[in-house]
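Visitor: Per our numbering, residue 208 is the first one in the sequence shown, and the count goes up by one each step. We treat Cβ as the ideally placed atom computed from N, Cα and C, and that holds for glycine.
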Amino acid sequence: MPERPALVVAIDGPSGSGKSTVSRRVAQDLGLAYLDTGAMYRAATWWCLHEGVDLGDGAAVLAAVRLMPLEMGVDPTAPSVHVDGHDVGAAIRTPEVTGAVSTVSGNLDVRAELRELQRAAIRDQASPRAFSAGRGIVAEGRDITTVIAPDADVRILLTASEAARLARRAREVHGAADSSSLAATRALVVGRDKVDSAVTSFLEAADGVVTVDSSELTIDETVDVVLSLVESRR
Ligand code: DC
């Protein structure tokens with residue numbers, strides 16, 4: 208088996224930049240696998256809550272995460288997350304998990320643990336028997352372009368203005384971007400990014416990482432920009 212898949216695309220960016228939607232669409236278009244690393248932190252959080260682990264106890268959280276029986280489904284048309292046989296796709300998006308995930312993702316030992324799982328998931332796509340049959344993977348999330356896959360063929364920081372990101376999340380969560388839903392969304396988007404930026408850097412592009420600003424772009428347009436970047440690197 209080759210040591211690495213034929214193509215690795217790494218996409219990072221703040222909440223509401225569209226990185227999940229864009230990454231899935233790009234993976235679908237190119238016949239690649241898709242890895243949502245944020246879902247892994249969410250799964251770890253769900254697992255700790257499910258197991259009754261005190262999230263304030265870093266060592267207990269690490270011990271639980273080490274034993275977490277996690278299975279990430281990497282088909283971009285139907286990405287899935289299973290823990291101990293439970294389909295937790297919906298459970299990891301609840302406000303309870305969303306409100307707690309930064310505590311888990313801020314634990315540096317947990318990050319080291321999940322980082323290895325993320326690298327393994329990328330490497331696995333080198334196999335002809337893997338979902339992508341060796342074609343490769345689009346992996347998205349914090350640290351992907353710099354720490355997890357700094358050798359990716361294409362590294363992108365997907366950004367958008369704070370106003371654009373807030374409006375998108377408000378429409379997603381509340382169905383509208385009026386003043387009350389914008390206010391309710393602010394803590395989720397701006398607040399969480401602030402907490403997360405204590406342990407990861409995703410607001411500025413590192414050397415060799417291309418910034419794509421999606422503030423004025425539709426999803427289709429953003430996907431096209433990413434696809435042409437991939438094309439130019441092949
Ligand atoms: O992208 P998301 O909202 O599903 O991410 C969930 C949380 O995990 C968020 O607080 C950022 C964090 N995260 C991280 O620290 N490292 C990653 N590679 C992905 C997500």
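Please classify P283 as buried or exposed, where buried requires at least 16 other C-beta atoms within 10 Å of its C-beta.
Guide: So P283 counts as buried.
Visitor: Select from V304, I218, E379 and R342 the residue whose C-alpha is nearest the C-alpha of L436.
Guide: For the residues V304, I218, E379 and R342, the minimum Cα distance to L436 belongs to I218.
Visitor: Is the closest heavy atom of ligand 1 to the C-beta of S421 under 7 Å?
Guide: No, ligand 1 has no heavy atom inside 7 Å of this Cβ.
Visitor: Helix, strand or coil for D264 per DSSP?
Guide: D264 falls in the coil class under three-state DSSP.
Visitor: Under 8 Å, do V268 and V308 count as touching if we go by C-beta distance?
Guide: No. Outside cutoff.
Visitor: Mind pulling the beta strand (DSSP E) runs of 3 or more residues that sit fully within the region 353-407?
Guide: As far as the region 353-407 is concerned, its whole beta strand (DSSP E) runs of at least 3 residues are 361-366.
Visitor: Between which two residues does the alpha helix (DSSP H) harbouring M247 extend?
Guide: Unbroken alpha helix (DSSP H) run through M247: T244 to H257.
Visitor: Got a sec? Which residues, its chain only, sit under 7 Å from A412 by beta carbon, not counting five neighbours each side?
Guide: Excluding residues within five positions, the ones whose Cβ falls inside 7 Å are L364 and T418.
Visitor: Taking L214 as part of the beta strand (DSSP E), name the residues at either end of that continuous run.
Guide: Residues L214 to D219.
Visitor: Among E428, D360 and R375, which has the Cα closest to the Cα of R440?
Guide: Per the Cα distances, D360.
Visitor: Where in the region 263-307 do unbroken runs of the beta strand (DSSP E), each at least 3 residues long, occur, reported from the N-terminal end onward?
Guide: Qualifying beta strand (DSSP E) stretches, in chain order: 277-280 and 287-290.
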